[in-house]
Amino acid sequence: MTSLLIQLLALMVPCYVANAFPVVMAKLVKHRHPLDFGRKFIDGRRVLGDGKSIEGFIAGILLGSLAGWFMSLWGIGSLPGATVLSVGTMLGDALGSFVKRRLGLERGAPVPLLDQLAFLLTAMLLYWFFIGTINLVIAVILVIITPPIHIISNFFAYKLGLKSEPW
Ligand code: CTP
Ligand code: MG
């Protein structure tokens, strides 16, 4: 039981921190550089859009890794594991935006499940590929608990003035 909780935290915390920190970063750094360099895709729409910045991408990876390093001092997870999860989180988040732009949706438009799970699934896939297997029960628990946690925390981020949309 304890080991399951440790495994859950080792996966969850870096992903959540990496996913949340760009929002804080966006408040701190006013002049951000778009991750897609402002480029358009062959459909004439932005590749990713202005919601994905280089600053946010890097901040997410750094803070997610830092959180993982901190936890590793207590025997929860490892720094390489946390870095892989953080990179996966930011890639998955960008992939979600890529899909949204291809669907013709503007920056900030909500897409249920894609918004809440693309980052987590990509992070777990990368972890599984580079670090090691993930307990199936843990993966399923994470997939179930992440959407409500994401929705609730985004609502609070909106109320606190950190985000311009409540999702
Ligand atoms: N953010 C950022 N860089 C990233 C990811 C997020 O700067 N790589 C910041 C942006 O200010 C963004 C906010 O965090 O607006 C919230 O992220 P998210 O909801 O993922 O982006 P959206 O603005 O909703 O854009 P999209 O429709 O592309 O998801
Ligand atoms: Mg959004």
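Counting with my numbering, you get residues 1 to 167 for the letters of the sequence shown.
Where a beta carbon is used, it is the ideal one built from N, C-alpha and C, also for glycine.
- prompt: If we call anything under 8 Å between Cβ atoms a contact, is Gly64 one with Ser97?
  reply: Residue numbering aside, residue 64 sits at position 64 when the sequence shown is read from its first letter. Residue numbering aside, residue 97 sits at position 97 when the sequence shown is read from its first letter. Against a cut-off of 8 Å, the Cβ pair of Ser97 and Gly64 comes out as no contact.
Inter-stretch contact at 8 Å, needing at least 3 Cβ pairs: the segment 71 to 85 / the segment 24 to 34: Cβ pair count under 8 Å is below three, so no.
- prompt: Quick one: Cα of Leu9 to Cα of Ile76, how far?
  reply: Translated into positions along the sequence shown, residue 9 becomes position 9. Translated into positions along the sequence shown, residue 76 becomes position 76. Rounded to whole angstroms, Leu9 and Ile76 show a C-alpha spacing of 7 Å.
- request: Evaluate Phe21 with the Cβ neighbour count: other Cβ atoms within 10 Å of its Cβ, from every protein chain shown; 16 or more gives buried, anything less gives exposed.
  value: On the sequence shown, position 21 is the one that residue 21 refers to. Its Cβ being crowded by 16 or more others within 10 Å, Phe21 is buried.
query: Hey, would you say Arg102 sits closer than 8 Å to Gly49, going by beta carbons?
result: Within the sequence shown, residue 102 is the residue found at index 102, counting from 1. Within the sequence shown, residue 49 is the residue found at index 49, counting from 1. No, these two residues do not count as a Cβ contact at 8 Å.
query: Given Leu114, which residues of its chain have a CB within under 8 Å of its CB, disregarding the five upstream and five downstream residues?
result: Mapped onto the sequence shown, residue 114 falls at position 114. The residues Gly96, Val99, Lys100, in chain order, have a CB closer than 8 Å to that of Leu114 in the same chain once the five nearest residues on each side in sequence are set aside.
- prompt: If Val23 and Leu162 are in contact, beta carbons under 8 Å, what's the gap, nearest whole angstrom?
  reply: Residue mapping note: residue 23 aligns to position 23 of the sequence shown, counting from 1. Residue mapping note: residue 162 aligns to position 162 of the sequence shown, counting from 1. With 8 Å as the limit, Val23 and Leu162 qualify as a contact, their Cβ atoms being about 5 Å apart.
- prompt: DSSP on Pro112, reduced to helix/strand/coil?
  reply: The residue you call residue 112 lines up with position 112 of the sequence shown. The answer is coil: DSSP assigns Pro112 none of H, G, I, E or B.
message: Check for me: the alpha helix (DSSP H) holding Thr2 runs from which residue to which?
response: Here the question's residue 2 lines up with position 2 in the sequence shown. Segment 2 to 28, the alpha helix (DSSP H) holding Thr2.
Any non-hydrogen atom of ligand 2 closer than 7 Å to Glu106 Cβ: The residue given as residue 106 occupies position 106 in the sequence shown. False, no ligand heavy atom lies under 7 Å from that Cβ.
message: What does the alpha-carbon distance come out to for the pair Ile138 and His150?
response: Sequence index remark: in the sequence shown, residue 138 carries index 138 (1-based). Sequence index remark: in the sequence shown, residue 150 carries index 150 (1-based). Looking at the two C-alpha atoms, the distance is approximately 17 Å.
Nearest residue (CA-CA) to Cys15, options Ile42, Thr89, Leu62: Looking up residue 15 in the sequence shown gives position 15. Considering only alpha carbons, the answer is Thr89.
message: Does the distance between the C-beta of Arg102 and the nearest non-hydrogen atom of ligand 1 fall short of 7 Å?
response: As a position in the sequence shown, residue 102 is number 102, starting the count at 1. Every heavy atom of ligand 1 is 7 Å or more from the Cβ of Arg102, so no.
- prompt: Leu117 and Pro147 look like a contact to me (Cβ under 8 Å); what is the Cβ gap, rounded to whole Å?
  reply: Within the sequence shown, residue 117 is the residue found at index 117, counting from 1. Within the sequence shown, residue 147 is the residue found at index 147, counting from 1. With a Cβ gap of about 7 Å, Leu117 and Pro147 count as contacting.
message: Closer than 7 Å to a non-hydrogen atom of ligand 3 - does that hold for the CB of Leu35?
response: With respect to small molecules bound, the structure shown includes ligand 1 and ligand 2 and not ligand 3.
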